[in-house]
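A short worksheet on the structure shown next.
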Amino acid sequence: MLAGYGIVAVVVVVPFLLLLPLATGDDYIEPEDANTAGTYAVNSTFEANLDSLAAALTANASATPAGFATGTAGTAPDKVFAMALCRGDTNASSCGACARAAFVAGKQSNPGNKGVAVYKDACTIRYSGRQQFMNFIRQEQWQVSQIIWNIQRAATSVSGPAAGWFNASVTKILTALVEQAADAAGNSTTKKYFATGEEDFVPKIYGLAQCLPDLVKEQCHECLKSLHNSANLYMRDSLPKWIVTRSLWCSLWYSVRKFYDGRSMLQLSAPPPPPPADTPVVTKPGEEKKKNTTAGLSVGLASSVVVLLILSVFAFIRFKRRTKTVEIEHPLRKITRAQCTIFDLPTLQEATEDFSMNNKLGEGGFGTVYKGVLSDGQEIAVKKLLGRAGHGLDQLHNEVLLLAELQHKNLVRLQGFCLHREETLLVYEYIKNGSLDNLLFDTSSGNALNWKQHYNIILGIAKGIVYLHEDSALRIIHRDLKANNILLDEDMDPKIADFGLARLLGEGHTQTRTARVVGTFGYMPPEYLARGSVSTKIDIFSFGVLVLEIVTRRSNCRPEDHDSVNLLSDVWNCWTKGTVSQMIDQSLDEYSQSQARRCIHIGLLCVQPDPDDRPHISSVIFMLTRENMDLQQPSQPAFYFGRESAPSSPSWGQRSYVYDRSGVPGVSANGVTLTEIYPR
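Below, the structure is given as structure tokens:
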């Protein structure tokens, strides 16, 4: 009896629950009734107030331990109320990125509506023109704004003890998380009312609970219990792979794959399986002793079978993981056919003086880069990845397989790679002058570029992009073009580097879509942030930002003064006033004013909000090389913040955080890359 139950529980639950998305992937957007919330016009005072407040809350939420910010901007009837809350496991950069994208998504999905709530995987935002918005914590009903669930069944349905045991396990962890998050609401000094946990089921069950920091303990508990009850409605006689229930005040998640960062706060054991249903048995006189003996043997045998079965499942899972490792490593064997050198570890240790700190060139999200010299005197750059597990290895495959196929003077050349136990290293040609980022923005270095070098760098980057988009056998979108991914050789010729986030476009396709946004804020276009639209116009937008940064020698992500929000806004303000020459790099002794102005003109065309208004890269080459070619007039760039939209005071109300423009680096800090790798 018990053995049969164990077989159902393990055999049914495990195969159908192991593979699932780590996140919902889609935004859930909840607009207020326009008749109640009201509407606003494009370029109105209300929209300017909304944009200013969105920028402020994006910065403030990412700067606080709770990942939470509220505020107001403007005066009635154009006053805006808003809040932003990031999921408790997100870091500052991810928090700011999510909040910014959520405000963009809210405006684009419901243009003109004064009241919108946006639920993303990593954050929730809401804005409204109504004062009642600020009193939401006194509402008695914790209505569920969003329920996302995913269910796959063994056949047409699954019921009985397998579903019952699984659902009992889910109930146990959700109940524990409700209590843990509510306790945090009563005791936390950081006001991060947040809890995560895992439970030892087969497979493991992971959960997360969070409340708005404005709630007290009792309100947090009541809100989460309401979501828990809603989740239970979707768990009757079924095996949901994950469920997300969210309201504006709290959220409750569970999944059979870990979807949050960091260690679990709670470690729970699975509840015992319920006893099998009793079946009446008629026992003849004199058979009682025999029956008891037989029952004892049956129970012992059944228990042994269950234990062996569970051990077999774990052995199978470990075997699959080992098999997966072998399968992951297999694509690298293709590199030998691309005539890419396979280095051994001792060779690279000797070349880099055992990865000495004196040889360190830089450090990024996936590892550290060292300079090395091979025995024949050849200089190399060695990227030592942080580990072989997870997306780091996926990035390795992506970069190696792509660069082995790409050959262009404006792309960094891959020399080879090394795999040794847990060590994973990529070997590139050594680029003497380092990254463009250092030369442009590090004024302490004393290295200044002349105008000819400025122009040749712009043209060289464009030629590299032409090769990726149009001339190579593979049609590639880089997705992370930025100043510190442009390397400069001894002749100051640019080379595009870091293809870990590159995306292939299939033959005949001009665009695709992704559920997860990757890239660096300040260089990503609005349609990609808001909808995940992937096309070559992503790289065009990034190139436009780069052009403006090169000509002005200013960063789009690090404003130089308190009056600046981002470089795109500053350039556009000067362009409309006819004073764009003020934006040109002041360290230049001599330069062609017409050529510099033309580059700014091209840069503005590349950062248009509508991707259809941005030129193709081949057209950009014509614009750069044919000075008699007439250019279309640009319109206002994406992410434009006019000076008139700045708040009249540095803070909004008693409960708002101080808004310091110098602390709002465009959208987020340059160099912060949000990464989700797509293995080939």
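Reading the sequence shown from the start, the letters are residues -25 to -1, 1 to 655 in mature numbering (1 follows the signal peptide of the UniProt record, and there is no 0). Ideal Cβ positions, reconstructed from N, Cα and C, are used throughout, including at glycine. None of the values given here were measured: they were computed from a predicted structure.
Query - Exposure of N603, with buried meaning 16 or more beta-carbon neighbours within 10 Å - result: By the 16-neighbour rule on beta-carbons within 10 angstroms, N603 is exposed.
**Report entry** Close-in-space but distant-in-sequence residues of the same chain around A9 (CB under 6 Å, 5 per side omitted)
**Finding:** Cβ neighbours of A9 beyond the five flanking positions: N88.
Report task. Would you tell me roughly how many angstroms separate the C-alpha atoms of L599 and P590, rounded to the nearest one? Result -> Rounded to the nearest angstrom, the two C-alpha atoms are 12 Å apart.
**Report entry** Inter-residue spacing [alpha-carbon to alpha-carbon] between I218 and A206
**Finding:** Taking the straight line joining both Cα atoms gives about 7 Å.
Query raised in the report: Where does S27 fall in DSSP's three states?
Result: DSSP places S27 in helix when its eight states are reduced to three.
Query raised in the report: How would you write the range of the beta strand (DSSP E) that V55 sits in, first residue to last?
Result: 55 to 61 is the span of the beta strand (DSSP E), which, as asked, contains V55.
Query raised in the report: Does the distance from the CB of I577 to the CB of H429 come in under 8 Å?
Result: No, the pair does not count as a contact, with Cβ atoms beyond the cut-off.
Report task. Just the C-alpha distance for A65 and A97, rounded to the nearest angstrom, thanks. Result -> At residue 65 the sequence reads Thr, which differs from the Ala that was named. For T65 and A97, the distance between alpha carbons rounds to 7 Å.
Report task. Check K407 in the structure and name its three-state DSSP category. Result -> If DSSP states are grouped into helix, strand and coil, K407 belongs with coil.
Requested in this report: Assuming A448 and V387 form a contact by the criterion Cβ under 8 Å, report the distance between their Cβ atoms to the nearest whole angstrom.
Outcome: With a Cβ gap of about 18 Å, A448 and V387 do not count as contacting.
Requested in this report: State the CB to CB distance for the pair K470 and N385, rounded to an integer number of angstroms; the pair is presumed to be in contact (CB under 8 Å).
Outcome: About 6 Å; that satisfies the 8 Å criterion.
Query - Under the three-state DSSP convention, the category D8 falls into - result: In the structure shown, D8 sits in coil (DSSP, three-state: anything other than H, G, I, E or B).
Query raised in the report: What number of angstroms, rounded off, separates the C-alpha of F56 from the C-alpha of N541?
Result: Their Cα atoms are separated by approximately 23 Å.
**Report entry** Cβ-Cβ separation, S27 to G71 (assumed contact under 8 Å), whole Å
**Finding:** Not really, about 16 Å apart at Cβ, beyond 8 Å.
Query raised in the report: What number of angstroms, rounded off, separates the C-alpha of T343 from the C-alpha of G337?
Result: For T343 and G337, the gap between their C-alpha atoms comes out near 6 Å.
Query raised in the report: Taking A170 as the reference, which of D189, T33, L199 has the closest Cα?
Result: The residue with the shortest Cα to Cα distance from A170 is L199.
Query raised in the report: CB S517 to CB K457, shorter than 8 Å?
Result: Contact flag set, yes.
Query raised in the report: If you draw a straight line from the alpha carbon of S350 to that of E465, how long is it in whole angstroms?
Result: Taking the straight line from one Cα to the other gives about 22 Å.
**Report entry** Unbroken beta strand (DSSP E) run spanning D514, endpoints
**Finding:** Looking at the DSSP string, D514 is not in any beta strand (DSSP E); the run it does join, the alpha helix (DSSP H), is 512 to 527.
Query raised in the report: In whole angstroms, what is the alpha-carbon distance linking Q185 and L25?
Result: Going from the Cα of Q185 to the Cα of L25 covers about 26 Å.
Query raised in the report: Where does the unbroken beta strand (DSSP E) through R573 begin, and where does it stop?
Result: If you look at R573, you'll find it isn't in any beta strand (DSSP E); it sits in the alpha helix (DSSP H) that goes 568 to 581.
Query - Range of the contiguous beta strand (DSSP E) that encloses V93 - result: Counting along the chain, the beta strand (DSSP E) containing V93 begins and ends at 91 to 94.
Query raised in the report: What three-state label does DSSP hand S593 in the structure shown?
Result: In this structure, S593 counts as helix in the three-state DSSP scheme.
Report task. Let me know the beta strand (DSSP E) ranges lying completely inside the region 431 to 509, each 3 residues or longer, listed in chain order. Result -> Fully enclosed beta strand (DSSP E) runs of 3 or longer: 461 to 463, 469 to 471, 486 to 488.
Query raised in the report: Got a sec, what are the start and stop residues for the alpha helix (DSSP H) K346 sits in?
Result: No alpha helix (DSSP H) contains K346, which is instead part of the beta strand (DSSP E) from 342 to 348.
Query - Unbroken alpha helix (DSSP H) run spanning D545, endpoints - result: In the DSSP assignment, D545 falls within the unbroken alpha helix (DSSP H) covering 542 to 552.
Report task. Drop a sphere of 10 angstroms on the beta-carbon of V21, count the other beta-carbons inside from all chains shown, and report buried for 16 or more, exposed for fewer. Result -> Reading off the sequence shown, one finds Phe at residue 21, where the question assumed Val. It counts as buried.
Query raised in the report: What do you get for G(-22), buried or exposed, if any count of 16 or more other CB atoms within 10 angstroms of its CB means buried?
Result: Annotation note: pLDDT 36 at G(-22) (below 50); position unreliable, coordinate value reported separately. Classification for G(-22): exposed.
Report task. Excluding the 5 residues preceding and the 5 following C569 in the sequence, name in chain order all residues of the same chain whose CB lies nearer than 8 Å to its CB. Result -> At residue 569 the sequence reads Ser, which differs from the Cys that was named. E602, listed in sequence order.
Requested in this report: Would you mind stating whether S222 and L202 have Cβ atoms separated by less than 8 Å?
Outcome: Note that the C-beta distance between S222 and L202 is below 8 Å.
Query - Limits of the unbroken beta strand (DSSP E) element including F43 - result: Bounds of the beta strand (DSSP E) holding F43 are 43 to 48.
Query raised in the report: DSSP state of D189, grouped into three classes?
Result: Assignment of D189 by DSSP, reduced to helix, strand and coil, places it in the coil class.
Query - Through-space distance from F141 to V459, alpha-carbon basis - result: The question names Val, but residue 459 in the sequence shown is Asn. Between N459 and F141, the alpha-carbon positions lie close to 49 Å from each other.
Requested in this report: Identify whether L401 lies in helix, strand or coil by the three-state DSSP scheme.
Outcome: Note: L401 maps to strand in three-state DSSP.
Query raised in the report: In chain order, what residues of the same chain lie with their CB nearer than 6 Å to the CB of L377, ignoring the 5 residues before and after it?
Result: Its chain contains F474, A477 as the residues whose beta carbon lies nearer than 6 Å to that of L377, once the 5 sequence neighbours on both sides are disregarded; these appear in chain order.
**Report entry** Beta-carbon contacts of Y15 that lie in its chain and below 7 Å, excluding the five residues immediately before and after
**Finding:** Setting aside the 5 residues that flank it on each side, Y15 is surrounded in the same chain by F21, E22, G87, K89, each with a C-beta closer than 7 Å to its C-beta; the list follows chain order.
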